[in-house]
Amino acid sequence: MPRILLADDSPQALRLAEQILTTQGMEVVSVTDGAVALRRLADFEPDLLIVDVYLATKNAFELARFLRSQPDRKNVPIIFAAAPADQFEEQDAKNAGADIILRKPFEASALLRAVQELLGARPKGARDGAGGITLDRNTVRAAVTLALDSAMPALIEELT
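Under this note's numbering, the first residue of the sequence shown carries the number 1, and numbering increases by one thereafter.
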């Protein structure tokens, strides 16, 4: 069972990613702070990290650089999760150690595809005729909620 450390300061993003990953049989530990993520690396020993680019205390760049400096963990894959408004150079993220950069809100299929690519394993789950993952109602609801939360400020601004 793949072990994933998920670090994001957005409760909606955490819930959505947890739902997607655990329904695929993955063990997920979620934290909301970069320093806590750093501490959890020692006791959880993840197979993959999914880290929000701009976390409090330690951001994704710092976590990636730390991980890449550790001989026993330097090959652990890292996905950087970035909000649409997050400004950074993708090459800087790659140089820090990001294997994949996903823009939020990401679709379940995009997250699973990235995890599958980095872990080299096919996620469990029902497949639809087009080869996509069939998601349950709660996963779809979580994705819609996250998308609406992200879009709401722009929508309010446009309407007012």
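Note that CB positions come from ideal geometry on N, CA and C, so glycine has one too.
Nonlocal neighbours in the same chain, by C-beta distance under 6 Å from residue i, ignoring five residues either side
i      : result
Asp43  : none
Glu117 : none
Leu74  : Going by the sequence as given, residue 74 is Lys instead of Leu. Around Lys74: Arg68.
Val28  : Ile4, Leu6, Glu18, Leu21, Thr22
Thr160 : none
First through last residue of the beta strand (DSSP E) which encompasses residue i
i     : result
Ala81 : 78-82
Ser30 : 27-31
8 Å Cβ cutoff met for residue i and residue j
i     : j      : result
Leu41 : Val115 : no
Asp33 : Ala56  : yes
Val51 : Ala83  : no
Pro77 : Asp99  : yes
Euclidean distance between Cα positions of residue i and residue j
i      : j      : result
Arg38  : Gly120 : Arg is not the amino acid found at residue 38; the sequence shown has Leu there. Their backbone Cα atoms lie some 24 Å apart in a straight line.
Glu158 : Leu14  : 28 Å
Lys94  : Ile79  : 10 Å
Neighbourhood of residue i by C-beta distance below 7 Å, restricted to the same chain and skipping five residues each side
i      : result
Tyr54  : Asp86
Ala110 : Leu102
Own chain residues within Cβ distance below 8 Å of residue i, not counting five before or after
i     : result
Arg65 : Ala96, Gly97
Exercise. If you scan the region 44-122 from start to end, which runs of the alpha helix (DSSP H) of 4 or more residues do you find wholly inside it?
Worked result: Segments of the alpha helix (DSSP H) lying fully in the region 44-122: 60-69, 90-96, 108-119.
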